[in-house]
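J.:
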C-alpha cells in the first residue's frame, strides 16, 4: 500500500515557520482514511453501517520540523483486538526521507448512541486482510533489498 | 451587548507571523454564536428545534494584520428577511482599537433535510429584539459621548 | 494545468455533516500553491526572494455541501496588475462534477517589512506564462468538445 | 490562577457531533499561554527575548465528548528541568464538571536557530513562582473543603 501523502499548506504552519503541532493529528487522520480505503472499505461506509471509531488516545513525538510545501508521507501500521484498533504512524519528509514525527492513536468500536461494541466480522476480516498485505509488502521490500 | 472577544493563539497564526486568513471566518462564527446567546437563545437550541442556518456566502476584507496574543473584538450587526439572515462584522484589536478586518455572511434558514424554509416566528421575534437592543445601545453610546 | 485536488477529511467537517465554511479558504490556498508550482515557481521561493503576497480580500459562495471523503477539484483563474493579483476559484466535486463553491481572493505584492511594492519582472513573466497556458488549455478543451 | 476557559465553536466540531480530536491540542496551547500570562510574562515576550519553546511530545486521553457551545476549563500543572518544561492538562466541562480529556506536552527551550539551550534564569524564576502559586491555591482549596 502506498503511504498517505500530504503537502503542507500555509494554513498548516504557525509563526515559528513550521507545521503547528496539532496538525499532525489531521495528517494521522488522513492516513487512517487512506489505509481504510486501501482495504476496499471507506470510513464513510463503516459509518453508514452504524459503526463509529472514536479516538480514545493519541500521542505525537516531534522529531524534526516540517515546513511549508514539504510533502509528508505517513506510514501506518495497525493492530486490533475485538473492541479496539491501534494505529502507529511514522511521518517522513518525501524530499530527504527524514523522519519528522511518530505517533499513535487508539480507537474504540462503537455502535449507535456511541456505546462500545465488538467490531463486526466484516470489519475484522478487512483489517486482517490489510495486515497481511502490509506484512507481505514489508517482506517484499526486504526481499527486494536482498536481491538488489 | 458586549462584543465577542477572542485571543489569538499560536495555532491561529501562519509563518507570515499573522493570523491565517481563513481563521477570520472562525472568529465571525464565534461572534454569531455570542450574538445569538445575547438574544436569550443558543444556536444549539435553534438546531434542536429543527432549524439550521447554513451559510450561503461569506466575505472578508483584511485591513491590518492581527498577531499572536492580540485580543480581537468582533462587532456584529444583523438584518434579515423571512428566509435569509445577513451579518456584518467589524474586527477591532482591543489594545489600540485598530480596525483589523470587515466582513459579512449570509445564511439561509433550512428545516430538516436541509430544505429552505421561512424562519419561524419565535426566531424572527428574537432577532427583532436583538436589533432593537443593538440600536438602543448605539444610541446610548452616542448619548454617552455627548454627555462625556 | 491539472486542477488542484483535495480529499475532505473528518477534521474538515462540522456537526452539520458538511465541510466547515472556513475550510474553503484553505482549499483556495492549496490551489494557489499548486498554480504557482505549475508556473515553475513555488511560493516558498517567492518568499525567499523577499516578496510576500498577503491577502486583501476573500469571498466564497457556497452552492452545495461537500462531504467527508469527497474529492474536490479547485479550478483557478488569475489576473493581475503591477501590484495586485486576483484569483477566481471554482470548486467541483470530482465524483459528479457538481459545482460546490465559487470564490475569489485579491493579494497585494509586498516587500520586506510588509510595504506594498510593484511585482518584480520575474514574477510577472511567470504569471503571464501561466495565463497563456490556462487560455490554451481552455481552447483545447473547447476544441475537444467540438470534435467529440 | 483561574483555569483557561474556551467555548466550543461549530468549527471545532466534526460530523460525529463532537469536538474534533486535534482541537484539544489547540485548547492545551491556549491554556499554556494563559498560564504564562498568569506568571506576569507572555509567550510573545519570551519569543522577543530570543527563547522559543517548541513541543517535543504531546498526548491526549479522550474520556468524554465535548459538544458545540460547551465551555471547557483547562487546568494545567507545570514541572521543569533546566532545558525542558512539562505541562499536564485536565479538561473539564464547566456545566457539569465532567472530566473530558487529559493530556501532556513536553517543550524544549531553544535559542536562535532553534538550538536547544538552558532556560534563562528570568524564565526559571517566573516558572518557580507559578508553581508556588499553584501549590498554595491547591492548599487553599483543600482548606476550603475542610472548613466547608
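Chains as they are written, first to last, in this note's numbering: chain A, 1 to 148; chain B, 1001 to 1148; chain C, 2001 to 2148; chain D, 3001 to 3148.
Glycine included, C-beta positions come from ideal geometry on N, C-alpha and C.
1) Please work out which residues of its chain come closer than 6 Å, Cβ to Cβ, to residue 62 (chain A), disregarding the five sequence neighbours upstream and downstream, and give them in chain order.
2) So that I know if they touch, is there some Cβ in chain B lying closer than 8 Å to that of residue 3009 (chain D)?
3) For the alpha helix (DSSP H) containing residue 1072 (chain B), name the first residue and the last one.
4) Tell me residue 2084 (chain C)'s beta-bridge partners as DSSP assigns them.
5) So, is residue 1031 (chain B) buried or exposed, given that buried needs 16 or more other C-beta atoms within 10 angstroms?
6) Would you say residue 21 (chain A) faces chain D, with C-beta separation under 8 Å as the test?
7) Under 6 Å Cβ to Cβ from residue 77 (chain A), same chain only, skipping five residues before and after it: list those, please.
8) Closer than 8 Å, CB to CB, is residue 24 (chain A) near chain C or not?
9) Mind checking whether residue 2039 (chain C) and residue 2127 (chain C) have CB atoms under 8 Å apart?
10) Residues in its own chain within less than 7 Å of residue 1003 (chain B) by CB, not counting five upstream and five downstream?
11) If you count every other CB in all the chains shown that lies within 10 Å of the CB of residue 1015 (chain B), and 16 or more means buried, which is it?
12) For chain B, check one thing: does any of its Cβ atoms lie closer than 8 Å to the Cβ of residue 14 (chain A)?
13) Could you give the first and the last residue of the continuous beta strand (DSSP E) run that contains residue 3042 (chain D)?
14) Considering only residues of the same chain and omitting the five flanking positions on each side of residue 2110 (chain C), which have a CB-CB separation below 8 Å?
15) What did DSSP end up calling residue 2004 (chain C) once you bin it into helix, strand or coil?
16) Can you tell me the Cβ-Cβ gap for residue 3069 (chain D) and residue 3008 (chain D), rounded? I've got them flagged as a contact below 8 Å.
17) For residue 3035 (chain D) versus residue 3006 (chain D), is the C-beta distance shorter than 8 Å?
18) Could you compute how far the alpha carbon of residue 1041 (chain B) sits from the alpha carbon of residue 3013 (chain D)?
19) Going along chain C, which residues have a C-beta under 9 Å from residue 1054 (chain B)?
20) Closer than 8 Å, CB to CB, is residue 3093 (chain D) near chain B or not?
21) What does residue 2061 (chain C) pair with, by DSSP beta-bridge criteria?
22) For residue 3144 (chain D), does the count of other Cβ atoms within 10 angstroms reach 16, so buried, or fall short, so exposed?
23) So residue 1106 (chain B) packs on residue 1057 (chain B), CB below 8 Å; how close in whole Å?
24) Between A:66, A:33 and A:48, which lies nearest to residue 20 (chain A) when the distance is taken from Cα to Cα?
25) Under 8 Å, do residue 2010 (chain C) and residue 45 (chain A) count as touching if we go by C-beta distance?
26) CB residue 2108 (chain C) to CB residue 2084 (chain C), shorter than 8 Å?
27) Rounded to the nearest angstrom, what separates residue 1037 (chain B) and residue 3071 (chain D) at their Cα positions?
28) In chain order, what residues of the same chain lie with their CB nearer than 7 Å to the CB of residue 1018 (chain B), ignoring the 5 residues before and after it?
29) Let me know the secondary structure DSSP gives residue 1126 (chain B) once reduced to three states.
30) In whole angstroms, give me the CA-to-CA distance for residue 2121 (chain C) and residue 2001 (chain C).
31) What residues from chain D crowd round residue 59 (chain A), counting only those whose CB sits closer than 8 Å?
32) Please list the residues of the segment 3067–3087 of chain D that have a C-beta atom closer than 9 Å to any C-beta atom in chain C, keeping them in chain order.
33) Helix, strand or coil: which one does DSSP assign to residue 1144 (chain B)?
34) Would you mind working out which of C:2119, C:2097 and C:2113 sits nearest residue 2081 (chain C), comparing C-alpha positions?
35) Are any of the Cβ atoms in chain B nearer than 8 Å to that of residue 3033 (chain D)?
T.: Concretely, from the data shown:
1) Sequence index remark: in the first chain, residue 62 (chain A) carries index 62 (1-based). Closer than 6 Å at Cβ, skipping near neighbours: 101.
2) In the fourth chain, counting from the first residue as 1, residue 3009 (chain D) sits at position 9. Yes - at least one Cβ of chain B is within 8 Å of the one on residue 3009 (chain D).
3) As a working note, residue 1072 (chain B) is residue 72 in the second chain. No alpha helix (DSSP H) holds residue 1072 (chain B); the beta strand (DSSP E) holding it covers 1071–1080.
4) Mapped onto the third chain, residue 2084 (chain C) falls at position 84. DSSP lists C:2108 as the bridge partner or partners of residue 2084 (chain C).
5) Numbered from 1 along the second chain, position 31 holds the residue referred to as residue 1031 (chain B). Per the 10 Å Cβ criterion, buried.
6) Within the first chain, residue 21 (chain A) is the residue found at index 21, counting from 1. Output row for residue 21 (chain A): interface = yes.
7) As a position in the first chain, residue 77 (chain A) is number 77, starting the count at 1. 88.
8) Start at 1 with the first residue of the first chain, and residue 24 (chain A) comes out as number 24. So, not an interface residue.
9) Residue 2039 (chain C) sits at position 39 when you count from the first residue of the third chain. Residue 2127 (chain C) sits at position 127 when you count from the first residue of the third chain. Remark: C-beta atoms of residue 2039 (chain C) and residue 2127 (chain C) approach each other more closely than 8 Å.
10) Position 3 of the second chain, counted from the start, is the residue given in the question as residue 1003 (chain B). These residues qualify, in order along the chain: 1073, 1074 and 1075.
11) Within the second chain, numbered from 1, the residue matching residue 1015 (chain B) stands at position 15. Under this definition residue 1015 (chain B) is a buried residue.
12) On the first chain, residue 14 (chain A) is found 14 positions in, with the first residue counted as 1. It does; some Cβ of chain B falls within 8 Å.
13) For the purposes of this step, residue 3042 (chain D) is taken as residue 42 along the fourth chain, with counting starting at 1. Neither: residue 3042 (chain D) is in no beta strand (DSSP E) and is coded neither H nor E.
14) Here the question's residue 2110 (chain C) lines up with position 110 in the third chain. Result list for residue 2110 (chain C): 2051, 2052, 2053, 2054, 2116 and 2117, in chain order.
15) Looking up residue 2004 (chain C) in the third chain gives position 4. Residue state, collapsed to three classes: strand.
16) Looking up residue 3069 (chain D) in the fourth chain gives position 69. Looking up residue 3008 (chain D) in the fourth chain gives position 8. About 6 Å; that satisfies the 8 Å criterion.
17) For the purposes of this step, residue 3035 (chain D) is taken as the residue at position 35 of the fourth chain. For the purposes of this step, residue 3006 (chain D) is taken as the residue at position 6 of the fourth chain. No; because the gap between Cβ atoms is not below 8 Å, this pair is not in contact.
18) Locating residue 1041 (chain B) in the second chain gives position 41, where the first residue counts as 1. Locating residue 3013 (chain D) in the fourth chain gives position 13, where the first residue counts as 1. If I take the Cα positions, the gap works out to 20 Å.
19) For the purposes of this step, residue 1054 (chain B) is taken as the residue at position 54 of the second chain. Per Cβ cutoff of 9 Å: 2016, 2018, 2021, 2062 and 2065.
20) Numbered from 1 along the fourth chain, position 93 holds the residue referred to as residue 3093 (chain D). Judged by the 8 Å Cβ criterion, residue 3093 (chain D) is not in contact with chain B.
21) What you label residue 2061 (chain C) is simply residue 61 of the third chain in a count that begins at 1. DSSP, once it has assigned bridges, lists B:1057 and C:2102 as partnering residue 2061 (chain C).
22) Along the fourth chain, read from residue 1 onward, the residue named residue 3144 (chain D) stands at position 144. Reliability fails at residue 3144 (chain D), whose pLDDT of 37 lies under 50, so the model's placement of it is uncertain and the value that follows must be treated cautiously. The residue in question, residue 3144 (chain D), is exposed, as its Cβ has fewer than 16 Cβ neighbours within 10 Å.
23) What you label residue 1106 (chain B) is simply residue 106 of the second chain in a count that begins at 1. What you label residue 1057 (chain B) is simply residue 57 of the second chain in a count that begins at 1. Between residue 1106 (chain B) and residue 1057 (chain B) a beta carbon distance of about 5 Å is seen, short of the 8 Å cut, so the two are scored as contacting.
24) Within the first chain, residue 20 (chain A) is the residue found at index 20, counting from 1. Of the residues A:66, A:33 and A:48, the one whose Cα lies closest to the Cα of residue 20 (chain A) is A:66.
25) Within the third chain, the letter at position 10 stands for residue 2010 (chain C). Within the first chain, the letter at position 45 stands for residue 45 (chain A). Not a contact, by the Cβ cut-off of 8 Å.
26) By 1-based counting over the third chain, the position of residue 2108 (chain C) is 108. By 1-based counting over the third chain, the position of residue 2084 (chain C) is 84. Yes; because the gap between Cβ atoms is below 8 Å, this pair is in contact.
27) Here residue 1037 (chain B) refers to the residue found at position 37 when the second chain is read from its first residue. Here residue 3071 (chain D) refers to the residue found at position 71 when the fourth chain is read from its first residue. Approximately 13 Å, taken between the alpha carbons.
28) Here residue 1018 (chain B) corresponds to residue number 18 of the second chain, with the count starting at 1. Here the set comprises 1065, 1066 and 1067.
29) Position 126 of the second chain holds residue 1126 (chain B). DSSP places residue 1126 (chain B) in helix when its eight states are reduced to three.
30) Start at 1 with the first residue of the third chain, and residue 2121 (chain C) comes out as number 121. Start at 1 with the first residue of the third chain, and residue 2001 (chain C) comes out as number 1. Going from the Cα of residue 2121 (chain C) to the Cα of residue 2001 (chain C) covers about 23 Å.
31) Counting from one through the first chain, the residue named residue 59 (chain A) turns up at place 59. Per Cβ cutoff of 8 Å: 3057, 3058, 3059 and 3060.
32) 3067 and 3068
33) One-based indexing of the second chain puts residue 1144 (chain B) at position 144. Because residue 1144 (chain B) carries a pLDDT of 37, less than 50, the predicted location of this residue cannot be relied on, and the following value inherits that uncertainty. Residue 1144 (chain B): helix per DSSP, three-state reduction.
34) Walking along the third chain from the start, residue 2081 (chain C) turns up at place 81. Minimum Cα-Cα distance from residue 2081 (chain C) among the listed residues C:2119, C:2097 and C:2113 corresponds to C:2119.
35) Residue numbering aside, residue 3033 (chain D) sits at position 33 when the fourth chain is read from its first letter. Closer than 8 Å to some Cβ of chain B, the Cβ of residue 3033 (chain D) qualifies, so yes.
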